[in-house]
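Residue numbers (our numbering), protein chains in the order written: chain V, 18 to 364; chain R, 18 to 364; chain W, 18 to 364; chain Z, 18 to 364.
C-beta atoms are modelled at their ideal positions from N, C-alpha and C, and glycine is treated no differently.
Bear in mind that the values here come from a model prediction, so they are computed numbers and not experimental data.
Pasting the structure below:
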């Protein structure tokens, strides 16, 4: 199989990472590299590391032409732009995999509480499939619009679903203390992300106000069978990549490490990209950065009746571009791991 | 006044930091620099940055001689060594300020649950004063043994005392998610702290098992008037200095930002080293690293009835050497801020 | 003595560092904090670490009012702004210490080859004293305009003057390979200094084209007694502070380490801020960052008839704000080291 | 083709990186993972990121058994161990690719001047092929012992060979100012590489005394047709991976950028792993880290008659494990780029 792909927003960090991964995918031809800001420029001028694409040129997106030459479109854009870009491709019947929050919500009203302006295409929003592959694999197989989930969201939902579904944790007590690398904030410079301000620093941001909270609550409420309020607090680390989440939950009744492991195994026993840690070891950023894997470890604190869950992923890969490729593989009937088996870099 | 000081363990990181601070203290003469491993070596051979002390020589500690030439001894040693070092100075009647956990506990049994072997000098342990200056200032003034508190402990206890004392938070729901720089682990190399393993990494460690937990619980239980169990989880950041704690608490009843601020102002309104943040801004590592200050900010999450407290300090200064100097100043009747007013480095 | 100082450009990194240093200077009152972009804002809103100044307000500069309330003005501005700011203070007879390249050149034509537009006040330029304290101390004592030298320049000129003056190195073979932290590029965000682009990176920049080259050549040519062409190549390190220069020179005749040391001692034997390294040890960034010191070490490579000189300083202190305070001390007859004796931070 | 490989020293950083690369090589089966220190341990216990190998066990090397089950042996060992390990495999006729300095020298006497003790198998040393693939491709095709070159060496020799061979630079004036990440120093902890000592630091080391100098001189002297003395000075950067070399040379006569480019194109026009930069752009660490590429850019400084060459590579890939795989591909008749086309990580 040879899938022709088009990448809108190819010069942003998520688009760059998608380009990097797809350049090594054995069943993909990169047909179009889109950029508004850098249309006309060669890849070499921006990203010398993409050697095999040096002479390729970034171009403006023309939906009709792109639809004619692409089998799938990836939209790596801010949510406002994605709302329209996805709609623009709709008439051509080519699947679109969107990286933004634009198509992740079941309910346009919930969308409107987290994003501005209100959704211009609520009909399309309802047709979109939430692209958390491990949980929505069957729907992804036939979806036209795949809403690739957020990085924090992926790390949170996959870590919590088994222990909520099994009743192991009290779902009204969940506190997610998240630590993330800087690349998730994108390529655009700002005072806060100027090197001297971020280097050797650590801080919380958007406390009690981060958009991903509503996305996490949407999905975990379905699992719990009731509306949940999740406390989600992100912190910025002085590293480029990776998310480590420490999730604090109350245990309604005593459990052993083996009990919790059984709940996870039931869900993820055969998942190629989810690794469960044995008692006594825990995930670290370095174990996942560079890979499409999500690592989960946990500690049962019997003294305080608490479960501490530690989940880690690469925000640019399993939290963005890698998961998008995973969805593409599923959508096109390829083995799900195709092009995605690189181990973490470690060093 | 001219205080002659002796520093045991002067070549470890805490001892080095103490040397750095005391070298600029206007009322201090550094009489003795102690080191077992480097006895006989010049300062220049180990620490070229200590220019004013280049020709000084590290020496073995002789309690009698040191007591004769020093007005105060700082013991920057592992706890086992501190237990004996403090006892060795006891006959000479010179105050000792100890950096380890050796003399921080009211109850030898509690000590023995966190540290090995059991305490050899429980009588001295009972005479020691817990050197959290803001809370034990009066006792420090006359103490012979000052047990300088731990870095996590200082950051936790000072942030939580006002909101526990005022009944603002439910003290049975406290979760401390701490992030620390590497210097707290000391100067000794190890696989885990080898540069390539720690750089670009973040991980939790000693989960549900960190020694500082019992020290935090000892102090906060006094404030609460009942035994508390605190969930304390430390994480390692790829930076040298600084601790940022995110403290998650449940609110038994609704409060405003102003209510919480009033509780803090009551305790710390006049404290020179504690800074309270106005609504809308929060502490960051960069705001405190290099200073002897503790910064506290908070967010009332009315949606989830939670209070999120953010406290930050430099683990080597307010969390160790700076606090020790603050205690020395109090003990010797100097203005408490003497030699301790350097602002954070920021860059 | 109580010197009232005004700081123009106080919110930039050099101005911030100057504020930090002066806030601890025993003979200084900070009378004015100037900022065009942040006029009207409180210090707390920008820099929470400057605790003692939290309620002070940044203000626009009015030359007449500032001259009336200040004994000395520091202009921490881009060169275009400095050219005019220095001139604006000239009528009031208060000394000005300028941080930019505006007043560093003997010859307006040389200035015009490195900076645009041509100098608007060549008469003032001729009256300015080059503020490299160790070499121009006597002139600084009475100067009205002190042109504080560049960071690379300080590191280069002080390292090379003794070995050129003594004839130890062939002055036509000098290659300076410089490595610098990011803070020297200032506070303004840019794509190149966005955290993810600079972290884990190293690159050369402005190769054969850096402005400081002409400043280095001006000063070293005077020492050599003939025009020199110096090869100067700066590299960006993923750290905030510090410059380390590796200077490669050819030896016209064989010399020993002791010979070279004698040349350095002759110049710097009594200098409080210059440290010479004994054979077998060399400066590192960590030895100087946080201090006003310049460290110099060297290796005689007898096999290749080369001298390798290693010089290091903190670009924000000895390379900018610290040197400016050193000049102020000299100009006002204070002990030269006043307020400048903090050792490097090391950790 | 399915090549069975054995990796001695698989738990060191070079062995780990080789394992990472080979785990994704389409024509390789990892038959043996060797380790003396960790024999009997599972991969998961040391390196959780190597998911596909989690249950594999590190084992002691038995030359006979390994030779029976492997088609090629990689020896990622200290030079003393490599000298013997290579010899131990010699009777079995399986090619060995060695990562150390043990078999890189033409002359045992030169080896003995850089390494201790003197070489125990000078006969084998003479049979070894220097595995700098771009320059020794034909010899590698049939070699039994491939001496994989050093990281600095690869970066230096490939950057200099074309301009020496063409007579563009004066080969007696070459100065290599090298900057390297920490991983090259290996996995073993030490005081100097303890995180707090290396973070935010930069320093030169082994000045005028680095072993790679003799290896660089051996190869470049052949190109020059006369013995060369090269000034080589390494510096340690606070990053994990990557080498950036700034090479300073004198031009005997004026040349243009195009002239120099022509010399490089002649050598490397078709090389898949060497990228030449157009005028106005230069390599950076970030362009190569994660890839098997060597990037070369340069500036002609007409004012000073100098050529500045900038070369960059990933010390663990093109400087070690990637180059070893490149040699294996050549030796086994596979396309040279098999398994080696991942672009640099950039973020």
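With DSSP as the reference, label residue 73 of chain R as helix, strand or coil.
-> By 1-based counting over the second chain, the position of residue 73 of chain R is 56. In the structure shown, residue 73 of chain R sits in coil (DSSP, three-state: anything other than H, G, I, E or B).
Which bits of chain R does residue 301 of chain V rub up against, with CB to CB less than 8 Å?
-> On the first chain, residue 301 of chain V is found 284 positions in, with the first residue counted as 1. Within 8 Å Cβ-Cβ: 218, 219 and 220.
Confirm, please, whether the CB-CB distance from residue 272 of chain Z to residue 317 of chain Z is below 8 Å.
-> For the purposes of this step, residue 317 of chain Z is taken as residue 300 along the fourth chain, with counting starting at 1. For the purposes of this step, residue 272 of chain Z is taken as residue 255 along the fourth chain, with counting starting at 1. In this structure, residue 272 of chain Z lies closer than 8 Å to residue 317 of chain Z by Cβ.
Got a sec: which bits of the segment 25 to 59 of chain R sit with their beta carbon under 8 Å from any beta carbon on chain W, in order along the chain?
-> 30, 33, 34, 37, 40 and 41
Report the option in R:337, R:313, R:156 and R:323 whose CA atom is closest to the CA atom of residue 349 of chain R.
-> Within the second chain, residue 349 of chain R is the residue found at index 332, counting from 1. Taking only the C-alpha atoms, the option nearest residue 349 of chain R is R:156.
Confirm, please, whether the CB-CB distance from residue 321 of chain W to residue 185 of chain W is below 8 Å.
-> Counting from 1 along the third chain, the entry for residue 185 of chain W is found at position 168. Counting from 1 along the third chain, the entry for residue 321 of chain W is found at position 304. No. Outside cutoff.
What are the start and end residues of the alpha helix (DSSP H) that includes residue 99 of chain Z?
-> Taking the first residue of the fourth chain as position 1, residue 99 of chain Z is located at position 82. Looking at the DSSP string, the run of the alpha helix (DSSP H) that includes residue 99 of chain Z is 96 to 106.
Three CB pairs or more closer than 8 Å across the segment 349 to 364 of chain W and the segment 67 to 82 of chain Z = no
With 8 Å set as the bound, which would you pick, yes or no: does the beta-carbon of residue 333 of chain R sit closer than that to a beta-carbon of chain W?
-> The residue you call residue 333 of chain R lines up with position 316 of the second chain. Chain W, which has a Cβ nearer than 8 Å to the Cβ of residue 333 of chain R, makes this yes.
Name the chain W residues that come within less than 7 Å of residue 239 of chain Z, Cβ to Cβ?
-> Against the fourth chain, residue 239 of chain Z aligns to sequence position 222. Ordered by position in chain W, no residue passes the 7 Å Cβ test against residue 239 of chain Z, which lies about 19 Å from the chain.
Quick one, are the C-beta atoms of residue 219 of chain R and residue 265 of chain R less than 8 Å apart?
-> Looking up residue 219 of chain R in the second chain gives position 202. Looking up residue 265 of chain R in the second chain gives position 248. No, Cβ-Cβ distance for residue 219 of chain R and residue 265 of chain R is not below 8 Å.
What separation, rounded to the nearest whole angstrom, lies between the Cα atoms of residue 30 of chain W and residue 358 of chain W?
-> To locate residue 30 of chain W, count along the third chain from 1; it is residue 13. To locate residue 358 of chain W, count along the third chain from 1; it is residue 341. For residue 30 of chain W and residue 358 of chain W, the distance between alpha carbons rounds to 21 Å.
To the nearest whole angstrom, what separates the beta carbons of residue 188 of chain R and residue 284 of chain R, a pair I think is in contact under 8 Å?
-> On the second chain, residue 188 of chain R is found 171 positions in, with the first residue counted as 1. On the second chain, residue 284 of chain R is found 267 positions in, with the first residue counted as 1. Wrong, their Cβ atoms sit about 16 Å apart, outside the cutoff.
Name the two residues that bound the continuous beta strand (DSSP E) containing residue 192 of chain R.
-> One-based indexing of the second chain puts residue 192 of chain R at position 175. Looking at the DSSP string, the run of the beta strand (DSSP E) that includes residue 192 of chain R is 192 to 197.
Give every residue of the same chain whose Cβ lies closer than 7 Å to the Cβ of residue 280 of chain Z, excluding the five residues on either side of it in the sequence, and list them in chain order.
-> Indexing the fourth chain from 1 puts residue 280 of chain Z at position 263. Hits under 7 Å: 179, 180, 183 and 185.
Does the beta carbon of residue 246 of chain Z sit closer than 8 Å to a beta carbon anywhere in chain V?
-> Locating residue 246 of chain Z in the fourth chain gives position 229, where the first residue counts as 1. Judged by the 8 Å Cβ criterion, residue 246 of chain Z is not in contact with chain V.
Kindly list, in the order they appear in chain V, the residues whose Cβ is closer than 9 Å to that of residue 252 of chain W.
-> For the purposes of this step, residue 252 of chain W is taken as the residue at position 235 of the third chain. None at all; the shortest Cβ gap to chain V is about 15 Å.
How far does the alpha helix (DSSP H) with residue 283 of chain W in it reach, from first residue to last?
-> Residue 283 of chain W sits at position 266 when you count from the first residue of the third chain. Residues 274 to 285.
Contact residues within the segment 188 to 219 of chain R, judged by C-beta distance below 8 Å to chain V = 192, 194, 196, 213, 214, 217, 218 and 219
Pairing CB atoms from the segment 255 to 263 of chain Z with CB atoms from the segment 193 to 202 of chain Z, are three or more of them under 8 Å?
-> yes
For residue 19 of chain R, return the contacting residues in chain Z, with the cut-off set at a CB-CB distance below 9 Å.
-> By one-based count along the second chain, residue 19 of chain R stands at place 2. Simply none; closest approach about 33 Å.
Are the CB atoms of residue 235 of chain W and residue 100 of chain W nearer to each other than 8 Å?
-> As a first step, residue 235 of chain W must be located in the third chain, where it is residue number 218. As a first step, residue 100 of chain W must be located in the third chain, where it is residue number 83. Not closer than 8 Å, so no.
Just grab the DSSP bridge partners of residue 221 of chain R for me.
-> Here residue 221 of chain R refers to the residue found at position 204 of the second chain. Answer is R:252, bridged to residue 221 of chain R.
Give the interface partners of residue 295 of chain R over in chain V, defined as CB-CB distance under 7 Å, in chain order.
-> By 1-based counting over the second chain, the position of residue 295 of chain R is 278. Ordered by position in chain V, no residue passes the 7 Å Cβ test against residue 295 of chain R, which lies about 14 Å from the chain.
Where in the segment 166 to 215 of chain Z do unbroken runs of the alpha helix (DSSP H), each at least 4 residues long, occur, reported from the N-terminal end onward?
-> 168 to 182 and 212 to 215
Quick one: what's residue 263 of chain V bridged to in DSSP?
-> Mapped onto the first chain, residue 263 of chain V falls at position 246. Paired residue(s): V:194 and V:327.
Residue-level contact to chain R via CB, residue 307 of chain W, 8 Å cutoff = One-based indexing of the third chain puts residue 307 of chain W at position 290. Closer than 8 Å to some Cβ of chain R, the Cβ of residue 307 of chain W qualifies, so yes.
Skipping 5 residues on each side, what residues in its chain have a beta carbon closer than 6 Å to that of residue 122 of chain Z?
-> Looking up residue 122 of chain Z in the fourth chain gives position 105. Within the same chain, residue 122 of chain Z has close Cβ partners 128.
Between the segment 41 to 58 of chain W and the segment 335 to 343 of chain R, do three or more beta carbon pairs fall short of 8 Å?
-> no
Give a yes or no on whether the minimum CB-CB distance between residue 346 of chain V and chain W is below 8 Å.
-> Within the first chain, numbered from 1, the residue matching residue 346 of chain V stands at position 329. Not closer than 8 Å to any Cβ of chain W, the Cβ of residue 346 of chain V fails to qualify, so no.
Look up residue 114 of chain Z in the DSSP assignment and say whether it is helix, strand or coil.
-> Against the fourth chain, residue 114 of chain Z aligns to sequence position 97. Reduced to three states, the DSSP call for residue 114 of chain Z is strand.
Is there at least one Cβ from chain V nearer than 8 Å to residue 257 of chain W's Cβ?
-> Here residue 257 of chain W corresponds to residue number 240 of the third chain, with the count starting at 1. It does; some Cβ of chain V falls within 8 Å.
Going by Cα to Cα distance, which pick from Z:245, Z:255 and Z:224 is closest to residue 216 of chain W?
-> Against the third chain, residue 216 of chain W aligns to sequence position 199. With distances taken between Cα atoms, residue 216 of chain W lies closest to Z:255.
From the DSSP output, in three-state form, read off residue 270 of chain Z for me.
-> Position 253 of the fourth chain, counted from the start, is the residue given in the question as residue 270 of chain Z. Residue 270 of chain Z: coil per DSSP, three-state reduction.
Can you name the start and end residues of the alpha helix (DSSP H) that residue 314 of chain V belongs to?
-> To locate residue 314 of chain V, count along the first chain from 1; it is residue 297. Run containing residue 314 of chain V: none in the alpha helix (DSSP H); it sits in the beta strand (DSSP E), 311 to 318.
When Cβ atoms are compared, which residues of the segment 309 to 322 of chain W fall closer than 7 Å to chain Z?
-> 316, 318, 320 and 321
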